[in-house]
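Residue numbers for the sequence shown follow our numbering, so the first one is 64 and each next one is one higher.
Presented below is the structure to which this report refers.
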Amino acid sequence: MKDRFTLKEIANWQLYPADSFVELPSIQRGFVWKPKQVEDLWDSILRGFPIGSLLFSKTGDKLHLMDGQQRATSIFLGHFNPYKLESPVKAWTINGALPVVWIDIHPENWPDRSKYLVRLTTRSHPWGYQARENNKTLRVSEKKKARDLFEIHPDNKNIGYTSFKNTTTFPYDAWFPLPLCFFIESNTPKEIIEKARRFLPEYFCTSKGGFSNKEEFINKLENELNSALVELWQTVMSAKDLCVLYNIIEDRVLNEENEGENPTLFVRINSSGTTLTGDDLNYSIYKSLFPEGKQLIESAGLDFVEPTQVLSLATRIVASDLENHSYIRKLTVRDFQRRIKNEDFKNGLANLIESKELKERFAQAIEILSCKNNSLFEGEVPPVIIKQLIRKNQDVFLFLVYWLHCFQYPISDEIQLKIVAKTYTFAWFNFGNFPDFWNEKISNPNFWSEPLNELLWWNNQDGVDFLTEPKLLRKYYAQSKVFEMFRDESPQRWKLLLNGIGEEVVKFYENVKKESYTVDKIDDFFSEFVGKIRHNKSLILLAQRNYINSKFGDYNQMEDIEDTNVPWDWDHIYPSEWVYRKQYCNQGIKDWNNTNGNFRALALEQNRSERNIESPKSRLDTEEKRELSFVKDEWSYWQNIEDRLWDDNIENHFQGITSRMINIYEKFWNDFKIDELIILRNVEKND
């Protein structure tokens, strides 16, 4: 057998999978490379650089790729032609529309360490990334211009840009890009031009190319760009001769690996690539033991939970079942390998997944958290909020799933709303010491109906931050002395001003907890809580949920090959351009610039960069704008800001931002009926 593969042979493993003798073993994870890594690999290929060898194991007449999946898939993407309607292509681990690799024929600039300007367009970034710094996204203004172009195509009208077809988009921050597959497939430079004429959209136009449509671009290809086109085609033809060496692991080595305490081989062969997590390794071990369970694991996540996390949660559920419902920390690789040797654990895990109990409990938890069928809640919690909770607050989500696993009976809308209120409170307001909380509360069938009082600064150090009545907060921030503390940059401005309304806040704390507190503890209560409502953007998404759901219903945050960017802009109501690196800007403005009161989620097509220095009055001058931006009574302050504030006359800014911050928090408080979970004794609540 030969000891190397050509690039075309490697690409064919996914271009023509039915004919391939190379497969991805179940132990492998998904495609995790970022666009920059794909672009850099192809730059290396075109320059003739070595790109490392591949590692296989052999099973019968099949080779299983153990190391090199990221490179092999990147090579495949360069050969992939999205314009071929009838294609047997089946990517190993990328779901949905595939990214497209482009190359710029004659760029004037490129990344520092690159010779060629290779570009990748993806579902979440159909316009590509920056040409000069290919790890950075485009500016809002460029995204807006690119989107306007792409929406000329009839298939792209009235849909979110994450649903644009990959045949209708192209790199925008570019000069003269063409799909790399055009060069690979063409026997002459003339064929490349014919492919461009046949497949590129009529509105093809880049920000730096100096042409306005496809016809003008084709004219350039046939004339002033022709020599550059020929030269690049010759480079690609030479790259076709590049071969990648490979090795095959002996069965003896694999057997030793499977019997060992730790998957040393798999960790070491991946050590130079993207770091493997414990969840990655555990999932790989699981798939090797239960290959038939892979599809069940993937379906159990319901597009809300990543497969590795599904398994992580499942292992903790089974372990907790076996240990009297006690809290089980996230399993390390060593923990998982030790437990999987236990027949009760192994069988319990198989039964939980194969019986679809896990999928049913996930579905029930997600349904409850969405509130979409809850008669006591208006609208629906945006899916992105649920996904963020599951990803960032695994313990909180697991507590809910496990409680549902333990108590399988019908739950009324009233109790479901209390579940939602407590779950988001735990996730958004910093629950401390979750293990002790779990062990004390998980077996309580009435837990969700019980007041939150005990868990607000539980034992004076754990639990969640001290949720405070919105009306009380509003009265506090309306005080002139509080405003003056921020205007004058008082070192005490973030602490609770005890005079005036501050005394009512203290009484609220003491009434809820039936205790008296020191000044330092009161400052902790107040500052920690205010820090959350200042910066937790999930509160904004909840307040703007009707807008988010209508505009971004197709947004899937878990899509592969993407970064964490969202398809909306966090727009500043008071322009950040009036604050950042500006002299004569009061500290009271800087303190609140990047906070919830000044942020709104806004679709790119609505956030034109030429309006980035528009005043709050102009940005919010219609009722429709105010409604989608969740601007309420604080409009009375915003309407007075028509220009940059140069002096200390910042009261409208302060009151506008703090009022909106409280309104956003109040939406959470009212919609989830938090007041029904915080019991005040012997006094009436603030009104």
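Note that the Cβ used here is the ideal one computed from N, Cα and C, for glycine as well.
Exercise. Do K695 and N726 have their C-beta atoms within less than 9 Å of each other?
Worked result: Position 632 of the sequence shown, counted from the first residue, corresponds to residue 695. Position 663 of the sequence shown, counted from the first residue, corresponds to residue 726. Contact flag set, yes.
Problem set entry | Classification of Y79 by the beta-carbon crowding that lies within 10 angstroms, buried from 16 upward | In the sequence shown, the residue the question calls residue 79 occupies position 16. So Y79 counts as exposed.
Exercise. Using CA coordinates, which residue listed in T136, N219 and N502 is at the minimum distance from N158?
Worked result: Within the sequence shown, the letter at position 95 stands for residue 158. Here the closest residue by C-alpha is T136.
Exercise. I think N437 touches D476, with their Cβ atoms under 8 Å apart; what is that distance to the nearest whole Å?
Worked result: Locating residue 437 in the sequence shown gives position 374, counting from the first residue. Locating residue 476 in the sequence shown gives position 413, counting from the first residue. So it is a contact: roughly 5 Å between Cβ atoms.
For this session: Output the distance between the C-alpha atoms of S362 and R402, rounded to the nearest integer angstrom.
Result: Residue mapping note: residue 362 aligns to position 299 of the sequence shown, counting from 1. Residue mapping note: residue 402 aligns to position 339 of the sequence shown, counting from 1. Cα-Cα distance, rounded: 24 Å.
Exercise. How many angstroms separate the CA atom of S177 from the CA atom of E640?
Worked result: Here residue 177 corresponds to residue number 114 of the sequence shown, with the count starting at 1. Here residue 640 corresponds to residue number 577 of the sequence shown, with the count starting at 1. Going by the C-alpha atoms only, they are around 33 Å apart.
For this session: Kindly indicate which three-state DSSP category L452 falls into: helix, strand or coil?
Result: The residue given as residue 452 occupies position 389 in the sequence shown. DSSP places L452 in helix when its eight states are reduced to three.
Problem set entry | Cβ contact (3+ pairs, closer than 8 Å) linking the segment 736-744 and the segment 446-454 | no
Exercise. Do you know offhand how far N229's Cα is from L241's?
Worked result: Indexing the sequence shown from 1 puts residue 229 at position 166. Indexing the sequence shown from 1 puts residue 241 at position 178. So the two alpha carbons sit approximately 13 Å from each other.
Exercise. In whole angstroms, what separates the C-alpha of T395 from that of N345?
Worked result: Counted from its first residue, the sequence shown places residue 395 at position 332. Counted from its first residue, the sequence shown places residue 345 at position 282. Cα to Cα, T395 sits roughly 8 Å from N345.
Exercise. Excluding the five sequence neighbours on either side, which residues of its own chain have a C-beta within less than 7 Å of the C-beta of I596, listed in chain order?
Worked result: Counted from its first residue, the sequence shown places residue 596 at position 533. Closer than 7 Å at the Cβ level, and outside the excluded window around I596, lie L602, N659, M724 and Y728.
Problem set entry | Length of the line joining the Cα atoms of L292 and D211 | As a working note, residue 292 is residue 229 in the sequence shown. As a working note, residue 211 is residue 148 in the sequence shown. Roughly 28 Å between the two C-alpha positions.
Problem set entry | Terminal residues of the beta strand (DSSP E) in which T298 lies | Numbered from its first residue, the sequence shown carries residue 298 at position 235. T298 -> not in any beta strand (DSSP E); alpha helix (DSSP H) instead, spanning N289 to A302.
For this session: Under 6 Å Cβ to Cβ from F492, same chain only, skipping five residues before and after it: list those, please.
Result: Taking the first residue of the sequence shown as position 1, residue 492 is located at position 429. V527, D528 and K595, listed in sequence order.
Exercise. Which residue or residues does DSSP assign as beta-bridge partners of S120?
Worked result: Position 57 of the sequence shown, counted from the first residue, corresponds to residue 120. In the DSSP output, where bridge partners are listed per residue, S120 has H127.
Problem set entry | CB of Y539 within 9 Å of CB of L560, strictly | Against the sequence shown, residue 539 aligns to sequence position 476. Against the sequence shown, residue 560 aligns to sequence position 497. The answer is yes: Cβ separation under 9 Å.
Problem set entry | Whether L117 touches D103 by CB criterion (9 Å) | Taking the first residue of the sequence shown as position 1, residue 117 is located at position 54. Taking the first residue of the sequence shown as position 1, residue 103 is located at position 40. Result no, Cβ atoms of L117 and D103 do not sit closer than 9 Å.
Exercise. Any idea which residues DSSP pairs A666 with across the strands?
Worked result: The sequence position of residue 666 within the sequence shown is 603, counting from 1. Answer is W631, bridged to A666.
For this session: State the start and end residues of the unbroken beta strand (DSSP E) segment that holds L241.
Result: Taking the first residue of the sequence shown as position 1, residue 241 is located at position 178. Note, L241: beta strand (DSSP E), P240 to P242.
Problem set entry | Nearest-angstrom Cα separation, counted from F440 out to A382 | Translated into the one-based positions of the sequence shown, residue 382 becomes position 319. Translated into the one-based positions of the sequence shown, residue 440 becomes position 377. Each residue's alpha carbon lies about 35 Å from the other.
Exercise. Is the segment 548-559 touching the segment 644-653 in the sense that three or more CB pairs, one from each, lie closer than 8 Å?
Worked result: yes
Problem set entry | Cα-Cα separation, V299 to E285 | Along the sequence shown, one-based indexing puts residue 299 at 236. Along the sequence shown, one-based indexing puts residue 285 at 222. Approximately 19 Å, taken between the alpha carbons.
Problem set entry | Unbroken alpha helix (DSSP H) run spanning Y728, endpoints | What you label residue 728 is simply residue 665 of the sequence shown in a count that begins at 1. Where Y728 is concerned, the enclosing alpha helix (DSSP H) stretches over E714 to D734.
Problem set entry | Backbone CA spacing between T531 and I360 [nearest angstrom] | Residue numbering aside, residue 531 sits at position 468 when the sequence shown is read from its first letter. Residue numbering aside, residue 360 sits at position 297 when the sequence shown is read from its first letter. Distance between the alpha carbons of T531 and I360: 41 Å.
Exercise. With respect to the alpha helix (DSSP H) encompassing T184, which residues constitute its N-terminal and C-terminal limits?
Worked result: As a working mapping, residue 184 is identified with position 121 in the sequence shown. Run containing T184: none in the alpha helix (DSSP H); it sits in the beta strand (DSSP E), V181 to T184.
For this session: For L376, I'd like the list of residues in its chain whose CB is within less than 6 Å of its CB, leaving aside the five on either flank, ordered along the chain.
Result: Sequence index remark: in the sequence shown, residue 376 carries index 313 (1-based). Answer for L376: L461, listed in chain order.
Exercise. Out of E566, V575 and I474, which has the shortest C-alpha to C-alpha gap to P514?
Worked result: Here residue 514 corresponds to residue number 451 of the sequence shown, with the count starting at 1. Closest by alpha carbon: V575.
Problem set entry | Start-to-end residues for the beta strand (DSSP E) that takes in L308 | Taking the first residue of the sequence shown as position 1, residue 308 is located at position 245. Counting along the chain, the beta strand (DSSP E) containing L308 begins and ends at C306 to I311.
Problem set entry | F233 beta carbon less than 9 Å from that of G191 | Taking the sequence shown and counting its residues from 1, one reaches residue 191 at position 128. Taking the sequence shown and counting its residues from 1, one reaches residue 233 at position 170. Yes, the Cβ-Cβ distance between G191 and F233 is below 9 Å.
Problem set entry | DSSP-derived helix/strand/coil call for Y146 | The residue labelled residue 146 in the question sits at position 83 within the sequence shown. It is coil, neither helix nor strand.
Exercise. Buried or exposed: Q297, going by 16 or more other Cβ atoms within 10 Å of its Cβ?
Worked result: Along the sequence shown, one-based indexing puts residue 297 at 234. Exposed, since its Cβ has fewer than 16 Cβ neighbours within 10 Å.
For this session: Starting from the C-beta of I737, find all residues in its chain whose C-beta is less than 8 Å away, skip the five residues before and the five after it, and write them out in chain order.
Result: For this step, residue 737 is matched to residue 674 along the sequence shown. The answer, listed in chain order, is A484, T488, L515, L530 and F731.
Exercise. When DSSP builds the beta bridges, which residues end up paired with W521?
Worked result: The residue labelled residue 521 in the question sits at position 458 within the sequence shown. The partner list for W521 (beta bridge, DSSP) reads D525.
Exercise. How many whole angstroms separate the CB atoms of N715 and N703, which I take to be in contact at a CB cut-off of 8 Å?
Worked result: Translated into positions along the sequence shown, residue 715 becomes position 652. Translated into positions along the sequence shown, residue 703 becomes position 640. Right, their Cβ atoms sit about 4 Å apart.
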